[in-house]
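Chemist: Sharing a structure below in structure tokens format, with a few things to ask.
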Amino acid sequence: MAAVRSAVGISPSGLQQSLALQADRLSKRHQLRAASAIPRNRTALERRSLVVRASNERFDIGDFGARDPRADELESQFGDKVLGNADTEHRILLPSGITEVAGLSARNCAPLPAGTLPLAEPGARELLKRVVGWKLVSDPSDPSALRLRGEWRVRDEESGQELMRRVGVVVEGQQQQCGGSQQADMSLEQGYVVRVDLHTPAIGGLSENDFIIAAKVDIIKVSDLIKKARFWA
1 MAAVRSAVGI
11 SPSGLQQSLA
21 LQADRLSKRH
31 QLRAASAIPR
41 NRTALERRSL
51 VVRASNERFD
61 IGDFGARDPR
71 ADELESQFGD
81 KVLGNADTEH
91 RILLPSGITE
101 VAGLSARNCA
111 PLPAGTLPLA
121 EPGARELLKR
131 VVGWKLVSDP
141 SDPSALRLRG
151 EWRVRDEESG
161 QELMRRVGVV
171 VEGQQQQCGG
181 SQQADMSLEQ
191 GYVVRVDLHT
201 PAIGGLSEND
211 FIIAAKVDII
221 KVSDLIKKAR
231 FWA
């Protein structure tokens with residue numbers, strides 16, 4: 001030690017301070033190298049977290065995000081205590097009064113008071129917005145009168161007959177509600193197209209009952225009868 005002191009000209013305490021300073025510089029250099037190894041596109045929080053981990057493991061703050069459950073957590077069966085329904089089917093419950101606003105299919109036809117006039121075209125077009133796939137057409141016997149028409153392209157003649165039967169069941173059920181004032185003219189056109197024309201002959205045009213029937217026809221199951229469209233890549 002005396003030889004070292006005489007060679008460098010410093011005391012043992014000064015030598016210890018010099019060695020400690022060099023060790024501190026090496027530690028900082030190690031931190032800088034660890035920081036430079038972090039990709040530039042990381043956030044400041046991620047860079048700071050990785051630098052802290054590289055400098056001292058006591059400050060490890062763990063991984064961000066989700067993690068796997070520990071053994072003691074699995075033994076506690078915490079998954080059995082989760083509130084909620086495991087079924088992924090979601091049911092939307094509508095207010096009870098919504099049928100008065102938009103639910104034509106939930107209503108039944110009503111007898112028409114004496115002197116009821118047919119719907120004018122503006123009123124019919126407002127109700128047309130509440131049924132899907134229907135359109136307004138002119139009555140062949142009276143161009144000034146309107147009809148409500150729906151069309152379906154079916155797979156074959158047998159499917160067309162079955163669809164008309166299902167529509168007929170709905171129409172007959174509603175005719176009993178309104179005293180038989182409603183009428184549905186059904187036909188199977190060329191190309192296996194089922195055409196249904198709804199109207200109210202008693203008033204010579206359309207009534208709200210026709211749109212109620214159309215809304216009920218819309219909820220008939222037809223997926224097993226209609227022709228499926230083909231899509232080519």
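Following this note's numbering from start to finish, the sequence shown increments by one per residue and tops out at 233. Glycine included, each C-beta is placed from N, C-alpha and C at the ideal position.
1. Near leucine 146, what residues of its chain come up, given a Cβ to Cβ distance below 8 Å and the 5 sequence neighbours on each side ignored?
2. Since lysine 135 sits in a beta bridge, which residues does DSSP pair it with?
3. With glutamine 251 as the anchor, note down where its alpha helix (DSSP H) starts and where it stops.
4. From the DSSP output, in three-state form, read off glutamine 183 for me.
5. My output table needs one value for proline 143: the three-state DSSP class, helix, strand or coil.
6. Excluding the five sequence neighbours on either side, which residues of its own chain have a C-beta within less than 6 Å of the C-beta of lysine 216, listed in chain order?
7. Span of the beta strand (DSSP E) holding valine 196?
8. Taking proline 111 as the reference, give the member of Gly168, Val193, Asp210 with the closest Cα.
9. According to DSSP, is valine 217 part of a helix, a strand, or is it coil?
10. Quick one: grab the DSSP three-state call for alanine 71.
11. The alpha helix (DSSP H) spanning proline 122 covers which residue range?
12. Helix, strand or coil for leucine 212? Go by DSSP, reduced to three states.
13. Applying the criterion that 16 or more other CB atoms from any shown protein chain within 10 Å of the CB defines a buried residue, is alanine 214 buried or exposed?
14. DSSP on leucine 188, reduced to helix/strand/coil?
15. Given this structure, state the Cα-to-Cα distance separating serine 309 from aspartate 68, to the nearest angstrom.
16. Based on the DSSP secondary-structure assignment, which residues constitute the bridge partners of proline 205?
17. Does the separation of the CB atoms of valine 194 and valine 154 fall below 8 Å?
18. Taking C-beta to C-beta, are glutamine 182 and glutamine 176 nearer than 8 Å?
19. For valine 154, list the residues DSSP reports as bridge partners.
20. Helix, strand or coil for alanine 114 per DSSP?
21. Since aspartate 218 contacts arginine 149 with CB under 8 Å, what's their CB separation in whole angstroms?
22. Report the rounded CA-to-CA distance for valine 167 versus valine 222, giving the unit in angstroms.
23. Helix, strand or coil for glutamine 77? Go by DSSP, reduced to three states.
24. Nearest by alpha-carbon distance to aspartate 142: which of Thr116, Pro201, Ile220 is it?
Modeler: Reading it off the structure:
1. Locating residue 146 in the sequence shown gives position 146, where the first residue counts as 1. Leaving aside the five residues that flank leucine 146 on each side, the residues in its chain whose CB is nearer than 8 Å to its CB run, in chain order, Pro118, Leu119, Glu121, Ala124, Leu136, Val137, Ser138, Asp139, His199, Gly205, Leu206.
2. Locating residue 135 in the sequence shown gives position 135, where the first residue counts as 1. Listed as beta-bridge partners of lysine 135 by DSSP are Arg149.
3. Outside the modelled stretch of the chain, which goes from 1 to 233, sits residue 251, for which no answer is possible.
4. One-based indexing of the sequence shown puts residue 183 at position 183. The answer is strand: DSSP assigns glutamine 183 an E or B state.
5. What you label residue 143 is simply residue 143 of the sequence shown in a count that begins at 1. Strand at proline 143.
6. By one-based count along the sequence shown, residue 216 stands at place 216. These residues qualify, in order along the chain: Ser105, Val170.
7. By 1-based counting over the sequence shown, the position of residue 196 is 196. Going by DSSP, valine 196 is part of the beta strand (DSSP E) stretching over 193-199.
8. Here residue 111 refers to the residue found at position 111 of the sequence shown. Of Gly168, Val193, Asp210, the residue nearest in Cα terms is Asp210.
9. By one-based count along the sequence shown, residue 217 stands at place 217. Of the three classes helix, strand and coil, the one that applies to valine 217 here is helix, per DSSP.
10. What you label residue 71 is simply residue 71 of the sequence shown in a count that begins at 1. Alanine 71: helix per DSSP, three-state reduction.
11. Here residue 122 is taken as the residue at index 122 of the sequence shown, counted from 1. Start and end: 121-128.
12. What you label residue 212 is simply residue 212 of the sequence shown in a count that begins at 1. Checking the displayed sequence, the identity of residue 212 turns out to be isoleucine instead of leucine. Taken through DSSP and simplified to helix, strand or coil, isoleucine 212 comes out as helix.
13. Position 214 of the sequence shown, counted from the first residue, corresponds to residue 214. That one is buried.
14. Walking along the sequence shown from the start, residue 188 turns up at place 188. Correct three-state label for leucine 188: strand.
15. A question about residue 309 goes unanswered here, because the residues of the chain that appear run from 1 up to 233.
16. As a working mapping, residue 205 is identified with position 205 in the sequence shown. The amino acid at residue 205 is misidentified as proline; the sequence shows glycine. DSSP lists Thr200 as partners of glycine 205.
17. In the sequence shown, residue 194 corresponds to position 194, counting from 1. In the sequence shown, residue 154 corresponds to position 154, counting from 1. Yes, Cβ-Cβ distance for valine 194 and valine 154 is below 8 Å.
18. Position 182 of the sequence shown, counted from the first residue, corresponds to residue 182. Position 176 of the sequence shown, counted from the first residue, corresponds to residue 176. Taking the C-beta atoms as reference points, glutamine 176 is found no nearer than 8 Å to glutamine 182.
19. Locating residue 154 in the sequence shown gives position 154, where the first residue counts as 1. Valine 154 pairs with Ile226.
20. Within the sequence shown, numbered from 1, the residue matching residue 114 stands at position 114. Alanine 114 falls in the coil class under three-state DSSP.
21. By 1-based counting over the sequence shown, the position of residue 218 is 218. By 1-based counting over the sequence shown, the position of residue 149 is 149. Distance from aspartate 218 to arginine 149 at the Cβ level is roughly 13 Å; contact not present, criterion being Cβ atoms closer than 8 Å.
22. Taking the sequence shown and counting its residues from 1, the one referred to as residue 167 is at position 167. Taking the sequence shown and counting its residues from 1, the one referred to as residue 222 is at position 222. Answer to the nearest angstrom: the Cα atoms are 10 Å apart.
23. In the sequence shown, residue 77 corresponds to position 77, counting from 1. It is coil, neither helix nor strand.
24. Locating residue 142 in the sequence shown gives position 142, counting from the first residue. Selected option, being the one with the closest Cα: Pro201.
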